[in-house]
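In the numbering used here, the protein residues as written are 18 to 340.
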Ligand code: SIN
C-alpha cells in the first residue's frame with residue numbers, strides 16, 4: 018500500500034525559536050528537530066509518516082554538499098514503492114533554489130513538497146504547523162507530481178516559485194503565472210495549472226565532490242556598472258556567470274565589453290532579469306549573444322547554468338529544456 022509520506026527536516030524558521038519575551042523577528046532558525054515540528058500538527062497525529070533529520074541549518078547558509086545529500090536522500094525515498102510522497106521542511110530564504118535543483122535533477126513522478134514558515138515555531142501565531150499539514154496533504158494528493166512548494170495555502174511549481182516578500186506570511190509567488198493550486202478554506206485543494214513536468218538530469222549529475230562543482234556566480238547589471246567583477250571571476254577560474262540583467266535581459270555596455278574581453282576564459286554566460294516578474298524574451302540586439310534564462314530568477318538561473326555545465330562535464334546529455 019503506497020501511503021507513506023517521508024518528511025525530511027533541514028532546519029529554517031519553521032524549526033526556529035525566539036527567546037522568551039523577544040519579538041518574532043529576533044529568533045534563531047534551525048533549533049527544533051523534525052519530530053517536534055510534526056508533534057505540533059494535530060492533523061498529523063494518525064498519519065503514516067517516516068521522519069529523517071537530513072540537516073539543521075539556516076538556509077541562507079545552504080551548501081552544494083547539502084544539496085548533494087538532500088537530492089540523494091530524496092531519490093532514495095522516491096524509489097521506495099511504499100512511499101506516496103515526500104515533504105522537505107526548509108528555510109524560506111533559498112527554498113526556491115533547492116526546489117529548482119531537485120526538480121531539474123529528479124523531475125519526480127511523485128510529489129516532493131517543500132515547506133517552511135515565516136514565523137518561528139515559538140511564535141504564538143506560528144505558520145509552520147498549517148504549512149506542514151498542507152504539505153503532507155499535497156504529498157498524498159492522488160496524481161500530484163513534481164517538486165512543489167506549499168506555503169500560506171498556496172502551491173507553487175519549482176520553476177516559477179520565488180520568495181517575493183521579506184517577512185509577510187504569504188511571502189511566496191509564482192510571478193505572472195500565479196500558483197499551481199490553492200488550499201480552500203474547507204481544506205480542499207483547487208488545482209489551477211498542470212503539475213511540474215520535464216526531463217530529469219538524474220541524481221548522478223551531482224555525484225562529483227561538491228568542491229569540484231563548477232563555479233558559477235551572479236553579477237548584477239546596474240547603473241554605473243564596470244567589468245571589474247567579470248575580469249576577477251574570469252581570472253579566478255569561474256566557469257559560468259549569470260547576469261542579473263536589466264529589464265528584458267539587457268546588459269550594461271561595460272559588462273558586455275568585459276565578457277567579450279574574457280572570451281579566452283571560456284565562460285558560459287546566461288542572462289536572467291533582475292525584475293521581480295516577467296520572463297526574458299529573446300530579441301535581436303544587446304545581450305542576445307548570450308542565452309536567456311526565461312522566467313528563472315537569477316538565483317535559479319545560477320542553478321540551471323551550473324547543472325548544464327555539470328551534465329556536459331559528465332558527458333551525460335543534458336536534455337534541452339525550453340527556458
Ligand atoms: C532560513 O531560510 O533558514 C531562515 C529564514 C526562513 O526560514 O524564513
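Heads up, the beta-carbon is just placed ideally off N, CA and C, and yes, glycines get one too. Just so we're clear, the structure is a prediction, and the values are computed from it rather than from any experiment.
As assigned by DSSP and simplified to three states, the class of residue 207: strand
Considering only their Cβ atoms, is the gap separating residue 118 from residue 105 smaller than 9 Å? Contact: no.
Which class does residue 285 belong to by DSSP, given the choice of helix, strand or coil? strand
For residue 168, list the residues DSSP reports as bridge partners. 171
Own chain partners of residue 139 with C-beta closer than 6 Å, once the 5 adjacent residues on each side are dropped: 34 and 35
Alpha carbon to alpha carbon, what distance is there between residue 37 and residue 142? Near 14 Å, if we compare the C-alpha coordinates of residue 37 and residue 142.
Taking its Cβ as the centre, do 16 or more other Cβ atoms sit within 10 Å of residue 319, making it buried, or is it exposed? buried
Quick one: any contact between the region 157-176 and the region 122-138, if contact means 3 or more CB pairs under 8 Å? yes
Could you tell me if residue 273 is buried or exposed, where buried requires 16 or more neighbouring beta carbons within 10 angstroms of its beta carbon? buried
State yes or no: is the C-beta of residue 309 within less than 9 Å of the C-beta of residue 328? no
Helix, strand or coil for residue 271, going by three-state DSSP, please let me know. helix
So within the region 217-256, which uninterrupted alpha helix (DSSP H) runs reach at least 4 residues, ignoring any that extend past its ends? 245-252
In chain order, each alpha helix (DSSP H) run of at least 4 residues that lies wholly inside the region 30-111: When DSSP assignments are scanned along the region 30-111, the uninterrupted stretches of alpha helix (DSSP H) that are 4 or more residues long and fall wholly within it turn out to be 51-56 and 81-95.
Could you check what DSSP says for residue 313 in three-state terms: helix, strand or coil? Assigned with DSSP and collapsed to three states, residue 313 falls in coil, not helix or strand.
Quick one: residues in its chain with C-beta nearer than 7 Å to the C-beta of residue 49, no 5 flanking neighbours on either side, listed in chain order? 32, 34 and 138
Close beta carbons around residue 211, own chain, < 8 Å, minus the five adjacent residues each side: Excluding five sequence positions before and after residue 211, the CB atoms of its chain that fall closer than 8 Å to its own CB belong to 197, given in chain order.
Identify which residue in 280, 299 and 235 has its Cα closest to the Cα of residue 265. Among 280, 299 and 235, the Cα nearest to that of residue 265 belongs to 299.
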